[in-house]
Amino acid sequence: MSILLDGDTRVLVQGVTWPMGSFQAEEMQRYGTRIVGGVSPGKGGARIAGVPVFDTMRRAVAETGARMSILYVSAARAKDAIYEAVDAGINTVVCVAEFVPVHDTIEIKRRLREAGVRLIGPNCSGLITPGKAKVGFYCDEVCLPGDVGVMSKSGTLSYAVLLELKRKGLGASTVVGVGGDEVKGTTFRDCVELFEADPETRAMLMIGEIGGRDEEQAAAWIRYNAKKPIVAFVSGRTIPVGRCIGHAGAMVVGSKGTHRSKIEALHDAGVRTAETIEDIPQLLGASHG
Amino acid sequence: MLLFEYEGKAVLREHGIATPRGVVVESLADVEAARVSTPVMVKAQILAGGRGKAGGIRRAGDAVALRRAAAAMLGATIRDLPVRALLIEELVAAVEERYLGLMLDGEDMLLVLGRRGGVEVEQLFSGARDGFEVMRIDPLYGVSAHQVRSALEGLGIGPQWWPVYCAVAERLSMLFRQSDATLAEINPLAELADGSLVAVDARIAIDDGALFRQARFAELAKGRAPPQGIAARMQALQVQYVPIGGAIGLVSSGAGVGTALMDWVALEGCRLHSFVDLDYAIIGGHTEAGMALVLDTLIGDPGVRAIIVNFTTCGLRLDMIARALVKVLDARRRLLTVPVFVHLQGNRAASGQRIVGEAGYEVVERLGDAVRSATKAARGEHP
């Protein structure tokens, strides 16, 4: 059935009365996502995209039975909005906001782990199960339904890669934008585990980037546990050590997070890596047979 | 944001960590007015490591030497940075100099103690851990004294020192969380003959994302010398712009795809002129102005041989981006002597491509086509 999201998933939009929130609510709904309501303190009673707006998540969840929420709130308010979702009984929260303080992300991650709630992001592009539903920015033009489980640190790069797959007739079971910060709720390792268990996912594609240890940690799991073929692309090899260009998390410190360390770890785990994004479809096809 | 040494030391003192007595000066008149008693250390306040080797830290034995050192350093450029202020401090009679630092590593905090001060901690992540003890700490709980004792034991530092180290490390840990720090480093930390510890240097980095609730550091950030020239104009329009120096111009949105293009152009043997991300400019309502500034910068540089325009986006509408792009390109049609390759894919791509194509610009089908065509043109080959 894909992972995390399908056409039956009931989704709430937090911050729905912001221009970005209402625009995205309509885009998601048009795509087929089951948007059941929005939340915006003080704006309860309004309707946006044909669904009710509530003042609190508690009320919204009680009346709609939603299990997933996406936040269109500023980074400064992300922590409170996420905790509001957790306390209301949501089990998956998607946070696209950039510049969430890292001490907040660390605390949020801990609390959600204890509560058994999944966080996707922050600073991410959301997720899409093509042909069924999307929660975040992914659009129809870039992807086909298919059997490749895709995970990416970058939104824009994943769009470019998905287009390369589409050109060769390859599609995705689900695409998860894990986000461009070093500390994140759902990691590559989590995605690989979910895709490995998903009967509709045949192969996996990891779109990584220098910085942090996500690729290495996923590789350590893949080495002993993954049976499905996995292809990876790691971006950022020309970013100089110690420089921050692009994503906040895309930074090499000493020898931590280098392109080489990631490629070596992935190769050791049996993952095939692509030099350019154009090589990816062939590697996914090749690993098929 | 990185704090200057004198700013970091003020924060340390507020949290009960001792520093040498000192005064900050910005002119020779300040030096006279401060009436410090010599000998002193004169330290250039720049946001870079390795100041000592670059002549940015000098000892002055008397008033004449102090004036000479101050005159030489103020207004000078050290490690490519202008010296606008000096910290003049009393000498510290250290019995030993150590390293003490806290830093984030993913979702953990590392407590690092080094037997010798003066080393650069980046070495730690390169595997050279000789002389260091590294304790992995839960940042939500902070440093606990026993972790400090274990590290001290590992380095062979005698138990008579343990209580003062524990106190300093615990205070640094409080500071770390309260200030939204990502790095708090005392290097060196001096052991004095009287059994106390003094922070001889301070390097503290604050999370930029947290400045909304760190009013004091936000104020310091506002007071920083603003960027000059092109960097200032890019910043005013919220354009992310990092000069690289190559022959391929980039007009693009998105951090991830920009990074990938930087790599891809390098695989073809070329370099980007600059890394450009117009995302924030577009969201901030500066679509046309941002594109225009980037294009004018590229046109104004004779080293630029080809331009890649790339918008691979789902969150932004390509029909709107295409209209802005055509307007900006049309206004510069006669100035554009180098080939421009436009790649538009994603949300409303078909109408975006039509708008650009009908205006007479070359729209390429694949991102790789843009890279190959531009790099060929830059190498002087005809695509």
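As they're listed, the protein sequences go chains A and B. In case it helps, the numbering used here puts the first sequence at residues 8 to 296. In case it helps, the numbering used here puts the second sequence at residues 432 to 814. Where a beta carbon is used, it is the ideal one built from N, C-alpha and C, also for glycine.
Comparing the C-beta of residue i with each C-beta of chain B, is any distance below 9 angstroms?
{"i": "Glu148 (chain A)", "result": "yes"}
{"i": "Lys139 (chain A)", "result": "no"}
{"i": "Thr63 (chain A)", "result": "no"}
{"i": "Arg220 (chain A)", "result": "yes"}
{"i": "Val190 (chain A)", "result": "yes"}
{"i": "Ile252 (chain A)", "result": "yes"}
According to DSSP, is residue i helix, strand or coil?
{"i": "Pro152 (chain A)", "result": "strand"}
{"i": "Asn130 (chain A)", "result": "coil"}
{"i": "Gln308 (chain A)", "result": "In the structure as shown, chain A starts at 8 and stops at 296, and residue 308 (chain A) therefore has no counterpart that could be examined."}
{"i": "Pro814 (chain B)", "result": "With a pLDDT of only 49 at Pro814 (chain B), under the threshold of 50, the placement of this residue in the model should not be trusted; the figure read from the coordinates follows. Coil at Pro814 (chain B), not helix or strand."}
{"i": "Thr245 (chain A)", "result": "coil"}
{"i": "Met75 (chain A)", "result": "strand"}
{"i": "Pro590 (chain B)", "result": "helix"}
{"i": "Asn232 (chain A)", "result": "helix"}
{"i": "Leu533 (chain B)", "result": "strand"}
{"i": "Gln776 (chain B)", "result": "strand"}
{"i": "Met432 (chain B)", "result": "coil"}
{"i": "Glu520 (chain B)", "result": "strand"}
Give every residue of the same chain whose Cβ lies closer than 7 angstroms to the Cβ of residue i, excluding the five residues on either side of it in the sequence, and list them in chain order.
{"i": "Ala233 (chain A)", "result": "Val199 and Glu203"}
{"i": "Gly548 (chain B)", "result": "Glu528, Arg529, Tyr530, Asn618, Pro619 and Leu620"}
{"i": "Pro26 (chain A)", "result": "none"}
{"i": "Glu457 (chain B)", "result": "Arg515 and Ala516"}
In chain order, what residues of the same chain lie with their CB nearer than 8 angstroms to the CB of residue i, ignoring the 5 residues before and after it?
{"i": "Glu699 (chain B)", "result": "Val802, Arg803 and Thr806"}
{"i": "Leu692 (chain B)", "result": "Leu681, Ser683, Leu703, Ile739, Asn741, Leu798 and Val802"}
{"i": "Ile287 (chain A)", "result": "Val168, Glu171, Leu172, Leu212, Val238, Phe240 and Ala281"}
{"i": "Gly746 (chain B)", "result": "Asn778"}
{"i": "His295 (chain A)", "result": "The pLDDT assigned to His295 (chain A) is 44, lower than 50, so where the model puts this residue is not dependable; a value taken from the coordinates is nonetheless given after this. Answer for His295 (chain A): Arg209, Ala210 and Pro236, listed in chain order."}
{"i": "Asp569 (chain B)", "result": "Asp539 and Met540"}
{"i": "Leu760 (chain B)", "result": "Leu726, Leu767, Val771, Ala790 and Tyr792"}
Would you mind telling me which residues of chain A sit closer than 8 angstroms to residue i, beta carbon to beta carbon, in chain order?
{"i": "Asn778 (chain B)", "result": "Cys146 and Glu148"}
{"i": "Pro570 (chain B)", "result": "His110 and Ile113"}
{"i": "Arg608 (chain B)", "result": "His110"}
According to DSSP, residue i sits in a beta bridge with which residue or residues?
{"i": "Val795 (chain B)", "result": "Its beta-bridge partners do not exist; DSSP assigns none."}
{"i": "Gln671 (chain B)", "result": "B:Asp708"}
{"i": "Phe563 (chain B)", "result": "B:Gly545"}
{"i": "Lys484 (chain B)", "result": "Beta-bridge pairing links Lys484 (chain B) to no other residue."}
{"i": "Glu528 (chain B)", "result": "B:Ala621"}
{"i": "Cys102 (chain A)", "result": "A:Leu78"}
{"i": "Pro26 (chain A)", "result": "Its beta-bridge partners do not exist; DSSP assigns none."}
{"i": "Met158 (chain A)", "result": "A:Val183 and A:Met213"}
{"i": "Ser683 (chain B)", "result": "B:Asn741"}
{"i": "Lys141 (chain A)", "result": "A:Ile135"}
Counting only C-beta atoms, is residue i closer than 9 angstroms to chain A at any point?
{"i": "Tyr605 (chain B)", "result": "As written in the sequence, residue 605 (chain B) is Met, which differs from the Tyr given in the question. Taking Cβ atoms only, chain A never reaches closer than 9 angstroms to Met605 (chain B), which makes this a no."}
{"i": "Ala697 (chain B)", "result": "yes"}
{"i": "Phe563 (chain B)", "result": "no"}
{"i": "Ser804 (chain B)", "result": "no"}
{"i": "Gly676 (chain B)", "result": "no"}
{"i": "Arg810 (chain B)", "result": "no"}
{"i": "Thr728 (chain B)", "result": "no"}
{"i": "Thr690 (chain B)", "result": "yes"}
{"i": "Phe706 (chain B)", "result": "yes"}
{"i": "Phe643 (chain B)", "result": "yes"}
Quick one: which chain A residues come within Cβ less than 9 angstroms of residue i?
{"i": "Thr744 (chain B)", "result": "Phe144, Cys146, Gly162, Thr163 and Tyr166"}
Return yes when the C-beta of residue i is under 8 angstroms from any heavy atom of the ligand SAM, and no when it is not.
{"i": "Glu200 (chain A)", "result": "Among the components modelled here there is no ligand, and therefore nothing to report on the ligand SAM."}
Counting only Cβ pairs nearer than 8 angstroms, list the residues of chain B close to residue i.
{"i": "Ile97 (chain A)", "result": "Going along chain B, no residue has its Cβ under 8 angstroms from Ile97 (chain A), so there is no contact; the nearest lies around 22 angstroms."}
{"i": "Phe106 (chain A)", "result": "Asp639 and Gly640"}
{"i": "Lys269 (chain A)", "result": "Chain B residues near Lys269 (chain A): none, gap ~13 angstroms exceeds 8 angstroms."}
{"i": "Thr283 (chain A)", "result": "Trp695, Leu698 and Gly799"}
{"i": "Glu128 (chain A)", "result": "Per the sequence shown, residue 128 (chain A) should be read as Gly rather than Glu. What Gly128 (chain A) touches in chain B: nothing, since even the nearest Cβ is about 13 angstroms away."}
Give the residues of chain B in contact with residue i, contact being defined as C-beta atoms less than 7 angstroms apart.
{"i": "Val18 (chain A)", "result": "What Val18 (chain A) touches in chain B: nothing, since even the nearest Cβ is about 17 angstroms away."}
{"i": "Thr245 (chain A)", "result": "Met693, Asp694 and Ala697"}
{"i": "Glu223 (chain A)", "result": "In chain order: nothing, as chain B lies at least about 11 angstroms away."}
{"i": "Lys116 (chain A)", "result": "Glu538"}
{"i": "Ala297 (chain A)", "result": "Summary: the structure shown does not reach residue 297 (chain A), with chain A confined to residues 8 through 296, and so no result is reported for it."}
{"i": "Ser242 (chain A)", "result": "Gly687, Thr690, Ala691 and Asp694"}
Can you name the residues of chain A whose CB is closer than 7 angstroms to the CB of residue i?
{"i": "Asp611 (chain B)", "result": "Pro108 and His110"}
{"i": "Val673 (chain B)", "result": "Ile252"}
Which same chain residues end up closer than 6 angstroms to residue i when comparing Cβ atoms and leaving out the 5 residues on each side of it in sequence?
{"i": "Glu105 (chain A)", "result": "Asn130"}
{"i": "Val599 (chain B)", "result": "Ile448 and Leu628"}
{"i": "Asp638 (chain B)", "result": "Asp611 and Thr613"}
{"i": "Lys474 (chain B)", "result": "Ile488 and Leu518"}
{"i": "Ala720 (chain B)", "result": "Leu668"}
Taking 9 angstroms as the CB-CB limit, is residue i close to chain E?
{"i": "Asp536 (chain B)", "result": "Protein chains A and B are contained in the structure displayed, whereas chain E is not."}
Quick one: which chain B residues come within Cβ less than 9 angstroms of residue i?
{"i": "Gly187 (chain A)", "result": "Ala686 and Gly687"}
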